[in-house]
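All remarks here apply to the structure that follows.
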Amino acid sequence: MERTKKIGLIVYILFLMIPIYWLINLSLQPNRDIMGSFSLYPQNLTFDNYRRIFTEAGWARGYLNSLIYVLMNTVISITVALPAAYAFSRYKFIGDKHLFFWLLTNRMAPPAVFLLPPPRQSASSTCISRSRWRIVCSRSRWRSGFSKGSCPACPRK
Amino acid sequence: MNKVENNRAWFLVLPVLLLVAFSAVIPLMTVVNYSIQDILDPHTRFFVGDEWFREMLRDSQLQSALGRQLIFSFSVLAIQIPLGIAIALCMPTRGIWVAISLVLVALPLLVPWNVVGTIWQLFARGDIGLLGVTLNSIGIEYNYTRGSTAAWFTVLAMDVWHWTSLVVLLCYSGLRAIPDAYYQAARIDGASRIAVFRYIQLPRLAGVLTIAVLLRFMDSFMIYAEPFVLTGGGPGSSTTFLSQHLATMAIAQFDVSRAAAFSLIYFLIILAISWVFYTIITRATKD
Numbered sequence: 000m001e002r003t004k005k006i007g008l009i010v011y012i013l014f015l016m017i018p019i020y021w022l023i024n025l026s027l028q029p030n031r032d033i034m035g036s037f038s039l040y041p042q043n044l045t046f047d048n049y050r051r052i053f054t055e056a057g058w059a060r061g062y063l064n065s066l067i068y069v070l071m072n073t074v075i076s077i078t079v080a081l082p083a084a085y086a087f088s089r090y091k092f093i094g095d096k097h098l099f100f101w102l103l104t105n106r107m108a109p110p111a112v113f114l115l116p117p118p119r120q121s122a123s124s125t126c127i128s129r130s131r132w133r134i135v136c137s138r139s140r141w142r143s144g145f146s147k148g149s150c151p152a153c154p155r156k
Numbered sequence: 000m001n002k003v004e005n006n007r008a009w010f011l012v013l014p015v016l017l018l019v020a021f022s023a024v025i026p027l028m029t030v031v032n033y034s035i036q037d038i039l040d041p042h043t044r045f046f047v048g049d050e051w052f053r054e055m056l057r058d059s060q061l062q063s064a065l066g067r068q069l070i071f072s073f074s075v076l077a078i079q080i081p082l083g084i085a086i087a088l089c090m091p092t093r094g095i096w097v098a099i100s101l102v103l104v105a106l107p108l109l110v111p112w113n114v115v116g117t118i119w120q121l122f123a124r125g126d127i128g129l130l131g132v133t134l135n136s137i138g139i140e141y142n143y144t145r146g147s148t149a150a151w152f153t154v155l156a157m158d159v160w161h162w163t164s165l166v167v168l169l170c171y172s173g174l175r176a177i178p179d180a181y182y183q184a185a186r187i188d189g190a191s192r193i194a195v196f197r198y199i200q201l202p203r204l205a206g207v208l209t210i211a212v213l214l215r216f217m218d219s220f221m222i223y224a225e226p227f228v229l230t231g232g233g234p235g236s237s238t239t240f241l242s243q244h245l246a247t248m249a250i251a252q253f254d255v256s257r258a259a260a261f262s263l264i265y266f267l268i269i270l271a272i273s274w275v276f277y278t279i280i281t282r283a284t285k286d
C-alpha cells in the first residue's frame, strides 16, 4: 500500500515536472538547434536567450510595471482581505453567510466582463495611472475572494 | 468549528466591502448601462431595452460556446477533484519529504496563466515538443492545431497540470486537520481502509471540497489566457470558450452593447450554477 502511494505521487510529480523541464531545455538552446534537430537535452548549451531578455530595452518597462502592480496588489490584499478572512473564520455576525456569498460572487465575474472600455476613454486610453488602478482593482477583487476561501481551511490555533 | 458570536466583526469586513463596492459594483453598473443601449459613438446612443439580451440568447455561436464551456468545466471537475483527493492521500505525512513534495506539487500554481499556455504549446508541438513527438512516434496522429480532439485533450491536460495541485493542497490541509483519535478509534473497530476513507476522511474533507469545487468550477468557467495562447480557440472554433468569445466581441469587433448583454448573461450563469453547488454542498454537510 505504501509503495502504491509512493508510485502514485512520483508519477504525478513527474507529470508536473516534465513540461517545465522541456521549457528549460528549450530555453537553453539556440533557435537553430530547436528547429533543426530533436534532442532531449541541450546539445549546444547557451545562455544567450537569458542575456537577451535581461538586456534588451523593451523588457525593462515590463519588469517595472509588474513590480509596481505586485506591490500595490499585495498592499491592498493584505490590508483589506486579511481582516475580513479573520472575521469570517472566527466570528458569527448578522448576515455573515449572505455577505460571504456576495463577496464570492465578485470572484465569479469573468475578468473579460471588465474588459469593456468606458466609451470616452476608448479612443485615446492615455491615462496610464488610471488604467493601472483599474487592473489592480479588478485583480484585488479576485485575490480577496481567494484568501477568504482558503482561510477556513487553516486550522485554528 | 465553533465560532464566537460578535457583531463587531463587521468592522473587520468593512474595508473589503468598501473596496469591492468601489471596484466591482461601479464597473458592473457600467456594463448594465451599456447592455440596454445602442451606442453608435460616444455622443449618439439609444435606449433599446432588452433587445440585446433577446438577440444574445438566440445567438447560435453563443449557444455552442456555452455548450463547450459546460463540457469543459464539468470534465475539469470530474478529473481534478478525484485525482486531487487521491494524490492528497498519497502525500507523505511526516519527515523531510513533506516539504519537498509540497513545494514540487505547488509549483504549477505559481506559473502565470499565459506562461502555462506557452509551456504546453511548446511541449505539445508535433515538431519540437516532447509530448507531440512522443505521441507521433508511437503512431498516434496528434496535432493540436489541426485535430479538434487533440486540441481538447491538450487543453484539458493543461488545465489538469495547472490546477489539480490546488485541490491536492486543499485536501492535504483538510486531511492533516483530522485528529489522530479518529484513526485510533477506527483501528480499534478494525475498520478497513475504504471504511476509513468513506466515514472519516471524506466527511472531514467536505468543507475544503466545497471550496475546491467552487473555485475550480468558477475558474474553469472563466478560462481565457491558457487556451488563447495554446490553441487560439481553434481549430475552427472547437476550443473557443465563453471568455474568448466575449473578448473577441468586445475588443476585436468593438461591439460594446452586445458584449455587455453577453457579459451579464455569462455572469448570471456562473452565479446560478455556483449557488446551486454552494447550497447542495452546504446542505449535504449539515446532515
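Line by line, the protein sequences are chains A and B. Quick note on numbering: numbering that gives the first Met the number 0 labels position 140 of the first sequence as 139, and the sequence is numbered without any gaps. Quick note on numbering: numbering that gives the first Met the number 0 labels position 74 of the second sequence as 73, and the sequence is numbered without any gaps. Yeah, the Cβ is synthetic: ideal placement off N, Cα and C, and Gly gets one too. Model, not experiment: these values are computed from the prediction.
For residue i: DSSP bridge partner residues
i      : result
Q120/B : The partner list for Q120/B (beta bridge, DSSP) is empty, contrary to what the question assumes.
R44/B  : I38/B
Y165/A : Absent from the model: residue 165/A. The displayed extent of chain A is 0 to 156, so no value can be given.
Contacts that residue i makes with chain A (C-beta to C-beta distance below 8 Å)
i      : result
W112/B : Per Cβ cutoff of 8 Å: no residues; W112/B is ~10 Å from chain A at best.
L103/B : I12, L15, M16
W160/B : F14, L15, P18
F266/B : M107, A108, P109, V112
Partners in chain B for residue i, counting only beta-carbon separations shorter than 7 Å
i     : result
R60/A : Going along chain B, no residue has its Cβ under 7 Å from R60/A, so there is no contact; the nearest lies around 17 Å.
A82/A : The sequence shown places Pro at residue 82/A, not Ala. Those within 7 Å of P82/A in chain B are L11, P14.
L98/A : V12
Contact list for residue i against chain B, beta-carbon separation under 9 Å
i     : result
N64/A : Ordered by position in chain B, no residue passes the 9 Å Cβ test against N64/A, which lies about 14 Å from the chain.
R31/A : Going along chain B, no residue has its Cβ under 9 Å from R31/A, so there is no contact; the nearest lies around 12 Å.
I93/A : N6, W9
G7/A  : A85, I86, L88, C89
M71/A : Correct list: empty, because the minimum Cβ distance to chain B is about 12 Å.
Y85/A : A8, L11
Residue i: first and last residue of the uninterrupted alpha helix (DSSP H) it sits in
i      : result
I70/B  : 59 to 89
T209/B : 201 to 220
I67/A  : 56 to 75
N24/A  : 1 to 26
N6/B   : Element bounds for N6/B: n/a, residue is neither H nor E.
P234/B : Careful: P234/B lies outside any alpha helix (DSSP H) and carries neither H nor E.
R175/B : 147 to 175
Q183/B : 179 to 188
A105/B : 95 to 105
N142/B : That residue, N142/B, is in no alpha helix (DSSP H); it is neither H nor E in DSSP.
R192/B : 192 to 195
L108/B : No alpha helix (DSSP H) contains L108/B, which DSSP labels as neither H nor E.
D32/A  : 30 to 35
G287/B : In the structure as shown, chain B starts at 0 and stops at 286, and residue 287/B therefore has no counterpart that could be examined.
D95/A  : 95 to 107
Run of the beta strand (DSSP E) containing residue i, from where it starts to where it stops
i      : result
Q252/B : Note, Q252/B: premise wrong, no beta strand (DSSP E); not H, not E.
Residue i burial status per 10 Å Cβ neighbour count (16 or more: buried)
i      : result
L109/B : exposed
F240/B : buried
R155/A : Note that R155/A scores 37 on pLDDT, short of 50, meaning its location in the model is unreliable; the coordinates nonetheless yield the value given after this. Exposed.
D40/B  : exposed
Y11/A  : buried
L267/B : exposed
R159/B : According to the sequence displayed, residue 159/B carries Val and not Arg. Buried is the call here.
I279/B : exposed
P109/A : buried
M28/B  : exposed
I86/B  : buried
Y249/B : Inspection of the sequence shows that residue 249/B is occupied by Ala rather than by Tyr. Classification for A249/B: buried.
G94/A  : exposed
S38/A  : exposed
T125/A : Here the model assigns T125/A a pLDDT of 35, short of 50, so the residue's position is not dependable and the matter cannot be decided.
L8/A   : buried
M107/A : buried
A283/B : exposed
Under 8 Å by beta carbon: chain B residues contacting residue i
i     : result
W53/A : Looking at the sequence shown, residue 53/A is not Trp but Phe. Per Cβ cutoff of 8 Å: no residues; F53/A is ~17 Å from chain B at best.
R89/A : K2, V3, A8
V79/A : P14, V15, L18
L25/A : L121, I127
Listed by chain order, chain A residues near residue i by CB distance under 9 Å
i      : result
W119/B : P18
V212/B : Those do not exist, as V212/B stays about 11 Å from chain A at its closest Cβ, beyond 9 Å.
Heavy atom of the ligand ADP within 7 Å of residue i beta-carbon
i      : result
G131/B : Ligands displayed in this structure: none; no statement on the ligand ADP is therefore possible.
Below-8 Å beta-carbon distance, residue i vs any chain C residue
i      : result
V195/B : The structure shown has no chain C; the protein chains it does contain are A and B.
Beta-carbon neighbours of residue i, restricted to chain A and to distances below 7 Å
i      : result
M217/B : R106, M107
S191/B : None at all; the shortest Cβ gap to chain A is about 12 Å.
F122/B : P18, W21
M221/B : P109, P110
Touching by the beta-carbon criterion (3+ pairs, under 8 Å), the stretch 6 to 23 of chain B and the stretch 84 to 102 of chain A = Yes, they touch.
query = Are there three or more Cβ pairs, one per stretch, closer than 8 Å when the stretch 213 to 230 of chain B is compared with the stretch 147 to 156 of chain B?
reply = Because the criterion of three Cβ pairs below 8 Å is met, the stretch 213 to 230 of chain B and the stretch 147 to 156 of chain B touch.
### Query
Should the stretch 205 to 216 of chain B be called in touch with the stretch 75 to 84 of chain B, which here means at least 3 C-beta pairs below 8 Å?
The stretch 205 to 216 of chain B, when compared against the stretch 75 to 84 of chain B, does touch it at the 8 Å Cβ threshold.
Pairs of beta-carbons, one from the stretch 105 to 119 of chain B and one from the stretch 24 to 40 of chain A, closer than 8 Å: are there three or more? Contact fails between the stretch 105 to 119 of chain B and the stretch 24 to 40 of chain A, because fewer than three Cβ pairs, one in each stretch, are under 8 Å apart.
| said: Counting beta carbon pairs with one atom in the stretch 50 to 61 of chain B and one in the stretch 194 to 203 of chain B, are three or more of them shorter than 8 Å? | reply: As far as the Cβ criterion goes, the stretch 194 to 203 of chain B does not touch the stretch 50 to 61 of chain B, which means the pair count is below three.
How do the stretch 231 to 239 of chain B and the stretch 122 to 140 of chain B stand: do at least 3 beta-carbon pairs fall below 8 Å, yes or no?
-> The stretch 231 to 239 of chain B vs the stretch 122 to 140 of chain B: no contact.
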